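Participant: The opening position of the sequence shown corresponds to residue 641 in our numbering, with each subsequent residue numbered one higher. Just so you know, even glycine gets a beta-carbon here, dropped at the ideal spot from N, CA and C. In this text the structure is predicted, and so the values were computed from the model without any measurement. Provided herewith is a single structure, encoded as structure tokens, for subsequent inquiry.
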Amino acid sequence: MRTLIVYESVFGTNRTIAEAIAAGMGDAATVTLVDAETAAATIDDQVDLLVVGGPNHKAGLPRPETRTEAAGEQGARAPAQRGLREWLDELRLSRPGQPVAVWDTRMASPKILDTFDRSARTIAKRLRRAGARLATDPEHFYSADGRGALVDGEHDRARAWGTRLASLTLNA
């Protein structure tokens, strides 16, 4: 099974989640991890599962201005010129009904943020618009501080989700 994981990571949190998902897939998949900034816009038909995830910034997918703000005020890495939002705008799927899985990261507190944070929902919507099919419901992982630190247990939960994704795809 060939899996492609595309992510956007401003503080490193989503890269950590992507790596944990890949580790959870184990030997069941050949996994390629790629940042949205450098990801190819066309997904070839050899990809069995496309996994896409990123952060919530101001209750949605990062925009150029929120990336710049995070880098300047919150100590994130230099802002990417192309994040998930832009990558999804360019996305072309070679395989009709491409199976996909989606995640986002959000702050654990206050819980009211769960109502407003929309990255996973937006990613799923844009992937469906491109012709993809969700293999499972979107997953949400929690950051302790919104700046990289995961809530205890989230790394293990991401790894377990990767294991579930591998079994879903193998049994499809």
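Which partner residues does GLY693 have in the DSSP bridge list?
Facilitator: Partner(s): TYR647 and TRP743.
Participant: Cβ of ALA676 within 7 Å of any heavy atom in the ligand NAP?
Facilitator: The model on display carries no ligand, and the ligand NAP is accordingly not part of it.
Participant: Kindly list the residues whose CB is nearer than 6 Å to the CB of ARG735, restricted to its own chain and excluding five residues on each side of it in sequence; keep chain order.
Facilitator: So the list reads ASP685, once near-sequence residues are dropped.
Participant: I'd like to confirm the pairing. Which residues does DSSP put opposite ILE672 in its beta bridges?
Facilitator: Note that residue 672 is Thr in the sequence shown, not Ile. Looking at the DSSP assignment, THR672 forms a beta bridge with LEU644.
Participant: In this structure, how does DSSP classify GLU779 when only helix, strand and coil are distinguished?
Facilitator: Looking at GLU779 - three-state DSSP - the assignment turns out to be strand.
Participant: On the premise that MET641 lies in contact with ALA658, defined as a C-beta separation below 8 Å, what is that separation, rounded to the nearest angstrom?
Facilitator: That belief does not hold up - the Cβ atoms of ALA658 and MET641 are roughly 17 Å apart, past 8 Å.
Participant: What does DSSP give as the partner residue(s) for THR762 in the beta ladder?
Facilitator: Paired residues: none, contrary to the question.
Participant: Does the region 787-797 come into contact with the region 757-767, if we say contact requires no fewer than three beta-carbon pairs (one atom in each stretch) closer than 8 Å?
Facilitator: No, they do not touch.
Participant: Determine the contact status of GLY694 and GLN738, defining contact as a CB-CB distance below 8 Å.
Facilitator: Cβ atoms of GLY694 and GLN738: not closer than 8 Å.
Participant: Between LYS698, ALA764 and ASP796, which lies nearest to VAL691 when the distance is taken from Cα to Cα?
Facilitator: VAL691 has its Cα closest to that of ALA764, out of LYS698, ALA764 and ASP796.
Participant: Out of ALA662, SER749, HIS795 and LEU728, which one is the CA nearest neighbour of THR643?
Facilitator: Among ALA662, SER749, HIS795 and LEU728, the Cα nearest to that of THR643 belongs to ALA662.
Participant: Taking just the CA atoms, how far does MET747 sit from THR682?
Facilitator: Computed Cα separation, rounded: 31 Å.
Participant: Measuring straight from C-alpha to C-alpha, what distance separates GLY666 and LEU805?
Facilitator: If I take the Cα positions, the gap works out to 11 Å.
Participant: Is the beta carbon of GLY700 closer than 8 Å to that of GLU648?
Facilitator: No. Outside cutoff.
Participant: Anyone know if the C-beta pair for ALA741 and ALA775 falls short of 8 Å?
Facilitator: Against a cut-off of 8 Å, the Cβ pair of ALA775 and ALA741 comes out as a contact.
Participant: State buried or exposed for SER783, treating a residue as buried only when at least 16 other CB atoms are found within 10 Å of its CB.
Facilitator: Under this definition SER783 is a buried residue.
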